[in-house]
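Comments concern the structure below.
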Amino acid sequence: MKAYELAHQFHPQLLVYLRENQALQDALGLKKKPLVLTFLAAGENNLAFKLTSPSEPDSTAWVLRFCLIPSRWKSNVEQIAYEYKTLECLRGSGITAEPCYLDLSCKQFPYPLMAMTFIRGRNLSYEEDLARCARLYAALHAVELPEEKNHLLKNTHPLSLYYQESWQFAQRYLACGKGDPRVKRLLERFLRGAEDKRADEAYILNDPVDGINHIDATFNNWLIDASQDRAYLVDWEWAEYGTVAGDLSHFLCPTLVRRHRGYVMSEEQRRFFLRTYFDHGRDKTREPLLREHLRRVLPFIVLRSTTWAAAAMADYLEGTRVIERPESLKKIKAHLELDFLEGLAKRYFME
6 MKAYELAHQF
16 HPQLLVYLRE
26 NQALQDALGL
36 KKKPLVLTFL
46 AAGENNLAFK
56 LTSPSEPDST
66 AWVLRFCLIP
76 SRWKSNVEQI
86 AYEYKTLECL
96 RGSGITAEPC
106 YLDLSCKQFP
116 YPLMAMTFIR
126 GRNLSYEEDL
136 ARCARLYAAL
146 HAVELPEEKN
156 HLLKNTHPLS
166 LYYQESWQFA
176 QRYLACGKGD
186 PRVKRLLERF
196 LRGAEDKRAD
206 EAYILNDPVD
216 GINHIDATFN
226 NWLIDASQDR
236 AYLVDWEWAE
246 YGTVAGDLSH
256 FLCPTLVRRH
266 RGYVMSEEQR
276 RFFLRTYFDH
286 GRDKTREPLL
296 REHLRRVLPF
306 IVLRSTTWAA
316 AAMADYLEGT
326 RVIERPESLK
336 KIKAHLELDF
346 LEGLAKRYFM
356 E
């Protein structure tokens with residue numbers, strides 16, 4: 006079903022939920038106040054609505070987000086709980102939204118739901134915002150999380166994990182009868198090339214540079230407040246704890262960058278982004294080491310993003326996509342263009 010159709014379907018249910026849920030009203034300070042609910046955005050597996058009240062200042066707003074099906078987790082309840090707890094770990098950091106309310110009961114509303122503060126901002130521009138994004142990553146990777154409070158997935162073997170996830174994504178397309186045989190051959194080539202590179206994991210494990218990773222930094226998960234010269238990250242369902250080269254690789258990954266209107270980041274932009282990141286990092290002595298980690302991790306993020314697109318394409322081809330977004334389908338098709346895949350194979354997976 007298309008995103009706007011789902012939004013139209015859930016809007017009245019969500020309004021009833023808001024009006025009858027006293028705990029949520031208390032948490033947001035909206036008891037007995039008029040409420041305005043508008044559709045905000047659709048992710049691959051979730052929907053978000055913006056909540057305001059005419060009796061509140063214009064600057065006051067919240068986001069209600071609920072998960073239809075899980076992406077990385079066994080259930081949508083687990084996924085929303087994980088993301089909410091991640092926001093709690095980052096509370097007060099200025100990196101993302103502030104968590105306000107969590108409902109995992111699925112009683113008054115059929116899906117697990119959370120509320121968070123609404124961040125005003127525009128979408129990422131690679132031409133204008135590289136420094137802002139680099140500074141945010143430096144701040145995120147400097148956040149200290151005590152072990153007893155660290156609920157995040159521990160990515161102790163990053164290349165192995167990314168390879169395993171990629172292999173699973175790839176199987177969706179390889180098993181799809183409607184898939185392009187030429188794309189299938191290239192996916193198999195990617196997997197073989199990555200298999201040969203898995204030995205590089207020992208180098209990363211020998212001297213880790215770990216921290217909180219967002220791991221899903223496509224352009225639409227960034228919000229930019231140019232007036233404050235700040236960037237924010239949203240949608241933390243894939244967050245993990247491991248080598249910070251994972252985040253840097255996601256930001257620089259050609260496949261993910263291409264989602265923004267077919268954009269291609271120049272080598273000069275890549276150097277500027279990394280220079281800014283390291284200049285604002287917590288330990289400048291580790292720059293050479295982290296650059297080596299990045300060189301080894303990036304091919305696996307290219308593999309992961311490509312196979313994810315292939316799995317999503319298989320869902321569209323077979324009519325099993327839960328949330329259909331025409332703009333997303335267009336980008337997925339672009340990721341699987343043969344010339345683009347050939348270029349990635351030559352650059353990252355020479356056999």
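Residue numbers (my numbering): 6 to 356. C-beta atoms are modelled at their ideal positions from N, C-alpha and C, and glycine is treated no differently. None of the values given here were measured: they were computed from a predicted structure.
To the nearest angstrom, how far is it from the Cα of residue i to the Cα of residue j?
{"i": "Q176", "j": "A316", "result": "8 angstroms"}
{"i": "Q233", "j": "L303", "result": "31 angstroms"}
{"i": "D205", "j": "D288", "result": "23 angstroms"}
{"i": "F277", "j": "R137", "result": "11 angstroms"}
{"i": "K38", "j": "T65", "result": "13 angstroms"}
{"i": "K202", "j": "R296", "result": "17 angstroms"}
{"i": "N26", "j": "Y131", "result": "41 angstroms"}
{"i": "P115", "j": "L294", "result": "48 angstroms"}
{"i": "N155", "j": "G182", "result": "42 angstroms"}
{"i": "S357", "j": "G286", "result": "The chain is shown only over 6 to 356; residue 357 falls outside these bounds and no answer can be derived."}
{"i": "F354", "j": "A199", "result": "7 angstroms"}
{"i": "R330", "j": "C72", "result": "16 angstroms"}
DSSP beta-bridge partners for residue i?
{"i": "K7", "result": "E329"}
{"i": "K36", "result": "Paired residues: none, contrary to the question."}
{"i": "N211", "result": "Partner(s): none; N211 has no beta bridge."}
{"i": "T57", "result": "V41"}
{"i": "N51", "result": "C72"}
{"i": "G216", "result": "G247"}
{"i": "Y237", "result": "L228"}
{"i": "W67", "result": "L56, T122"}
{"i": "K159", "result": "Y246"}
{"i": "L107", "result": "M119"}
What are the boundary residues of the alpha helix (DSSP H) that residue i is part of?
{"i": "W313", "result": "292-323"}
{"i": "A350", "result": "343-353"}
{"i": "T43", "result": "Taken as a continuous stretch (DSSP letters only), T43 belongs to no alpha helix (DSSP H), being part of the beta strand (DSSP E) at 41-47."}
{"i": "E272", "result": "272-284"}
{"i": "D201", "result": "186-202"}
{"i": "R140", "result": "135-146"}
{"i": "A86", "result": "81-94"}
Short of 7 angstroms in beta carbon distance, which residues of its chain neighbour residue i, apart from the five on each side in sequence? Order them along the chain.
{"i": "W67", "result": "L33, L56, C105, A120, M121, T122, F123"}
{"i": "E170", "result": "R309"}
{"i": "S165", "result": "R203, E206"}
For residue i, I'd like the list of residues in its chain whose CB is within less than 6 angstroms of its CB, leaving aside the five on either flank, ordered along the chain.
{"i": "T91", "result": "W241, A244"}
{"i": "I306", "result": "S254, H255, C258"}
{"i": "I328", "result": "A8, A47"}
{"i": "I337", "result": "A314, A317, M318"}
{"i": "H265", "result": "F224"}
Ignore the nearest five residues each way along the sequence and tell me which others in residue i's own chain have a CB closer than 8 angstroms to its CB.
{"i": "L141", "result": "I100, R235, A236, Y237, L238"}
{"i": "L135", "result": "Q274, F277, F278, T281"}
{"i": "Q18", "result": "F114, P115"}
Residue range of the beta strand (DSSP E) that residue i falls in?
{"i": "L261", "result": "First-last for L261: 259-263, but that is the alpha helix (DSSP H), not the beta strand (DSSP E)."}
Counting pairs of Cβ atoms below 8 angstroms between the stretch 243-254 and the stretch 141-157, do you hit three or more?
-> yes
Segment contact flag, the stretch 209-228 with the stretch 172-190, C-beta cutoff 8 angstroms, min 3 pairs | At 8 angstroms Cβ cutoff, the stretches do not touch.
Would you call the stretch 340-350 and the stretch 258-266 in contact, with 3 or more CB pairs under 8 angstroms?
-> yes
Using 8 angstroms as the Cβ pair cut-off and three pairs as the minimum, do the stretch 221-235 and the stretch 77-84 touch?
-> no
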